[in-house]
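A.B. asks: Here it is, the structure in full.
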Amino acid sequence: MSIHKTLGEFIVEKQSDFPHAKGELSALLSAIKLASKIVNREINKAGLVDITGASGIENIQGEQQQKLDMFANEVFKNALMARGEVCGIASEEEDNYVFFDNQTSRNANYIVLMDPLDGSSNIDVNVSVGTIFSIYRRVSPVGGPVQMEDFLQVGRDQVAAGYVIYGSSTMLVFTTGNGVHGFTYDPSIGGFFLSHESLTIPKTGKIYSLNEGNYIKFPLGVKKYLKYCQEEDESTNRPYTSRYIGSLVADFHRNLLKGGIYIYPQTAQAPSGKLRLLYECNPIAFLAEQAGALATDGYNPILDLKPTELHQRVPFFTGSPEMMETAHHFMTKFKES
Ligand code: AHG
Ligand code: MN
Ligand code: MN
8 MSIHKTLGEF IVEKQSDFPH AKGELSALLS AIKLASKIVN REINKAGLVD ITGASGIENI
68 QGEQQQKLDM FANEVFKNAL MARGEVCGIA SEEEDNYVFF DNQTSRNANY IVLMDPLDGS
128 SNIDVNVSVG TIFSIYRRVS PVGGPVQMED FLQVGRDQVA AGYVIYGSST MLVFTTGNGV
188 HGFTYDPSIG GFFLSHESLT IPKTGKIYSL NEGNYIKFPL GVKKYLKYCQ EEDESTNRPY
248 TSRYIGSLVA DFHRNLLKGG IYIYPQTAQA PSGKLRLLYE CNPIAFLAEQ AGALATDGYN
308 PILDLKPTEL HQRVPFFTGS PEMMETAHHF MTKFKES
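Residue numbers (this note's numbering): 8 to 344.
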């Protein structure tokens, strides 16, 4: 059996990739690593302990919070606060951003945005879920309270981003802007080990992932692209195959490894789509671009959008570059006024 590099060893080795961060970013990533192990442990026990199901509380977006949503939120928040490298966080499960008002944290340089548990409606049925995180340097003065402007930075300015997928195995996948690297968790040792170095997405693929139940509400460009995916054409390997888990992390992870396209479009009823720009789409878009994929709102790169609100939603298209180009072609050709 070969011994793989640990996540900790890998981060120390790559310190020179983030020269401005010294040890800070390493400590921050290690807080995320620790929190993900705790969440992983609880998810693995779901069904045995009273942690599945709804909490009876709605978040600011009117969604029912699951008990595990709230548990994961507390674990990540506390782990990040304890390390002192982060001065504040924003989360899907927090109405407003949270300032870590203690002596060490207020002098910290980083803020984190997170979706503590992505795909949480899948928990009760033992299907893969995830955690998504996005890291920026603060722009407000160090020493003072964090400000909204720290959290509304353009995605292009992320210093690191990643996700943890709690699947048939648990993996942490992240980027600091120098490629995408994946680490698989070995629960018998309690460590993450390098299993996927420098991940790149295949240029094209055979998988399309979207919630087809919403077909009637899709924009015309998406309807036309979907029909294209289903047509028969040997030269382009069509028809494609449909795969949709309903956990963005899991759907993206599969498409990253196998090649494919993921779409959560806008509809007339939800003109901004469903997914959240700051803690779902931006971090996934950073990983996507680093892996040679594209990530857009159907027209423009996600990473170039200027955020205006913490819980802002955005249409999301991401995947293999050749498939994305075809999807863009249909979006532009059949753009409705
Ligand atoms: P969350 O559980 O964090 O609210 O995210 C759920 C998101 C995303 O993970 C998934 O791709 C999408 O919602 C699924 O939505 P539909 O059920 O509308 O397809
Ligand atoms: Mn989510
Ligand atoms: Mn969530």
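Glycine included, every Cβ here is placed at the ideal spot set by N, Cα and C.
(1) Counting Cβ pairs, one atom from each stretch, are 3 or more of them under 8 Å apart for the segment 63-77 and the segment 196-215?
(2) My guess is that Phe-140 and Ile-39 are in contact by the Cβ rule of under 8 Å, so how many angstroms apart are they, rounded?
(3) Sort Gly-326, Gly-212 and Cys-288 by Cα distance to Leu-312 and report the nearest one.
(4) Are there 16 or more other CB atoms within 10 angstroms of the CB of Arg-48, so buried, or fewer, so exposed?
(5) Over what stretch of residues does the alpha helix (DSSP H) that includes Tyr-235 continue unbroken?
(6) Return the chain-ordered ranges of every beta strand (DSSP E) run that is complete within the segment 121-161 and spans a minimum of 3 residues.
(7) Is Asp-193 helix, strand or coil by DSSP?
(8) Suppose contacts are defined by Cβ-Cβ distances below 8 Å. Is Gly-95 in contact with Ile-118 by that definition?
(9) Given the structure, does Pro-360 come close to ligand 3, in the sense that its CB is under 7 Å from one of the ligand's heavy atoms?
(10) Can at least three beta-carbon pairs, one atom from the segment 262-276 and one from the segment 220-232, be found at a separation below 8 Å?
(11) Smallest Cα separation from Leu-35: which of Val-136, Tyr-215, Val-153 and Ser-112?
(12) Start and end of the beta strand (DSSP E) containing Phe-181?
(13) Could you give the uninterrupted runs of the alpha helix (DSSP H) lying entirely in the segment 240-297, keeping only those of 4 residues or more?
(14) Taking a contact to mean a Cβ-Cβ separation below 8 Å, would you say Val-256 touches Asp-157 in this structure?
(15) State yes or no: is the C-beta of Leu-255 nearer than 7 Å to some heavy atom of ligand 2?
(16) Assuming the contact rule is C-beta atoms closer than 8 Å, Leu-284 and Val-180 should be a hit. Round their C-beta distance to whole Å, please.
(17) Got a sec: does ligand 3 put a non-hydrogen atom nearer than 7 Å to the Cβ of Glu-239?
(18) Just to check my reading of the structure: Glu-99 and Asn-51 have Cβ atoms closer than 8 Å, yes? What is that Cβ distance to the nearest angstrom?
(19) Can you tell which of Gln-319, Leu-120 and His-188 has the C-alpha that lies nearest to the C-alpha of Ser-202?
C.D. replies: In short, the structure shows the following:
(1) No: the two stretches stay apart, fewer than three of their Cβ pairs being nearer than 8 Å.
(2) The distance from the Cβ of Phe-140 to that of Ile-39 is about 6 Å, consistent with a contact at the 8 Å cut-off.
(3) Nearest of Gly-326, Gly-212 and Cys-288 to Leu-312, Cα basis: Cys-288.
(4) Counting Cβ neighbours within 10 Å, Arg-48 comes out exposed, since fewer than 16 surround it.
(5) That run of the alpha helix (DSSP H) goes 227-237.
(6) Whole beta strand (DSSP E) segments, 3+ residues: 136-144.
(7) In the structure shown, Asp-193 falls within a strand segment according to DSSP collapsed to helix, strand and coil.
(8) Note that the C-beta distance between Gly-95 and Ile-118 is below 8 Å.
(9) For the chain, the structure presents residues 8 to 344; residue 360 sits outside this window and is missing.
(10) The segment 262-276 is in contact with the segment 220-232.
(11) It is Ser-112.
(12) Note, Phe-181: beta strand (DSSP E), 177-182.
(13) 255-265 and 289-297, all fully within the segment 240-297.
(14) A distance of 8 Å or more separates the beta carbons of Val-256 and Asp-157.
(15) True, at least one ligand heavy atom lies under 7 Å from that Cβ.
(16) That belief does not hold up - the Cβ atoms of Leu-284 and Val-180 are roughly 20 Å apart, past 8 Å.
(17) No, the Cβ of Glu-239 stays beyond 7 Å of every heavy atom of ligand 3.
(18) Contact flag wrong, Cβ pair sits at about 22 Å.
(19) Checking every option, the nearest Cα to that of Ser-202 belongs to His-188.
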